[in-house]
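Reading through the structure tokens given below for one structure.
Numbering (our numbering), first residue to last: 8 to 337.
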């Protein structure tokens with residue numbers, strides 16, 4: 008890791024520690040004051056309720072903090088791009104709180120593959136986004152036949168109709184005839200775990216894709232250049248239509264300015280970059296502003312554990328909480 012990155016990570020640890028400590032202090036030391044006379048069932052219920060109170064308070068504090076564009080950019084530059092699983096641990100009476108804020112603006116939103124038109128019950132497959140997604144699958148060494156099956160089946164899963172777009176796709180007839188039958192959602196994905204159910208996606212393919220994708224509202228179609236981790240070079244490889252290598256992408260990421268790119272045009276001033284990312288789509292896909300954060304909170308109290316993942320997204324110039332998911336350890 009470069010020296011400049013080490014300084015950034017130390018700053019991030021201090022900032023996040025102060026944020027979490029402030030919330031824990033504000034809520035008070037009696038938050039988890041459960042008497043020994045409480046039954047185990049009641050204790051679990053009270054622990055969950057009070058843990059939720061702590062999470063909601065931390066959410067509000069985080070939302071207030073990232074409402075500022077300047078603070079969002081600072082937080083994005085300070086989050087640990089080399090170790091995405093490095094939560095801050097704060098002790099509380101009879102337990103501890105682990106929390107981490109991640110800038111997730113470097114993910115590909117799978118919901119942009121299709122635009123559903125509700126009034127006419129029709130859909131538009133976004134061909135350039137689909138091509139990018141196929142290149143991402145190829146960069147992850149997905150077999151060619153699987154690339155076509157997965158791409159077609161994903162768009163079929165999201166569209167409103169019940170007819171496969173082509174012979175590689177899948178709709179109700181395919182899924183209802185499986186050994187354990189189910190039906191496609193015919194709607195946008197709410198969580199990336201859902202794609203496990205899509206035709207063609209094995210567990211290995213899912214695990215390869217998982218770090219690179221997210222499920223956001225359909226309008227959110229950008230990728231923040233300043234957020235991309237050196238551990239996830241395939242985003243840039245796919246954006247170049249697989250013209251560059253993983254090492255090329257890592258070099259590009261590690262040689263970003265310390266303060267990040269201010270304007271996306273600055274990134275394209277380099278001759279190698281111009282040749283590697285020459286399509287109009289590549290130039291329009293990238294941004295320099297963070298817009299999507301995830302707050303992971305894990306609260307341990309005695310033998311009980313409460314875990315929450317909270318998603319924050321910039322919509323119409325305002326940061327909003329768009330999702331809460333209980334479970335999944337840090």
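Ideal placement from N, C-alpha and C gives every residue a C-beta, glycine not left out.
Indicate the three-state DSSP secondary structure (helix, strand or coil) for residue i in the structure shown.
i           : result
residue 286 : coil
residue 15  : Note that residue 15 scores 47 on pLDDT, short of 50, meaning its location in the model is unreliable and no value can be drawn from it.
residue 238 : coil
residue 76  : helix
residue 327 : strand
residue 318 : strand
residue 246 : helix
residue 121 : strand
residue 193 : coil
residue 333 : strand
residue 401 : Missing from the structure shown is residue 401; the chain here goes from 8 to 337 and no further.
residue 115 : strand
residue 2   : For residue 2 there is no data in the structure shown, the boundaries of the chain being 8 and 337.
residue 201 : helix
residue 66  : helix
residue 44  : Reliability fails at residue 44, whose pLDDT of 49 lies under 50, so the model's placement of it is uncertain and no value is given.
residue 50  : helix
Find the nearest neighbour of residue i within the set the options, judged by alpha-carbon distance.
i           : options               : result
residue 181 : 252, 163, 132 and 278 : 163
residue 236 : 152, 150 and 85       : 85
residue 60  : 304, 224 and 207      : 304
residue 2   : 53, 176, 169 and 331  : This structure leaves residue 2 out entirely; the chain is present only between 8 and 337.
residue 148 : 82, 253 and 234       : 253
residue 25  : 329, 133, 72 and 293  : 72
residue 130 : 141, 140, 331 and 118 : 118
residue 52  : 311, 326 and 329      : 311
residue 197 : 251, 291 and 330      : 330
residue 174 : 156, 168 and 183      : 156
residue 68  : 327, 217 and 290      : 327
residue 291 : 227, 313 and 260      : 227
Could you please give the first and the last residue of the uninterrupted beta strand (DSSP E) stretch that includes residue i?
i           : result
residue 308 : 299-308
Does the distance from the C-beta atom of residue i to that of residue j stay below 8 Å?
i           : j           : result
residue 319 : residue 58  : no
residue 106 : residue 94  : yes
residue 256 : residue 240 : yes
residue 110 : residue 83  : yes
residue 295 : residue 231 : yes
residue 143 : residue 158 : no
residue 121 : residue 166 : yes
residue 132 : residue 141 : no
residue 139 : residue 274 : no
residue 171 : residue 178 : yes
Per DSSP, residue i forms a beta bridge with which residues?
i           : result
residue 311 : 308
residue 103 : 98 and 307
residue 168 : DSSP, once it has assigned bridges, lists no residue as partnering residue 168.
residue 230 : 293
residue 109 : 301
residue 220 : 115
Span of the alpha helix (DSSP H) holding residue i?
i           : result
residue 138 : 134-146
residue 258 : 253-261
residue 159 : 151-165
residue 213 : 210-216
residue 183 : 179-183
residue 272 : 271-274
Please find out if some non-hydrogen atom of the ligand MN comes closer than 7 Å to the beta-carbon of residue i.
i           : result
residue 191 : Among the components modelled here there is no ligand, and therefore nothing to report on the ligand MN.
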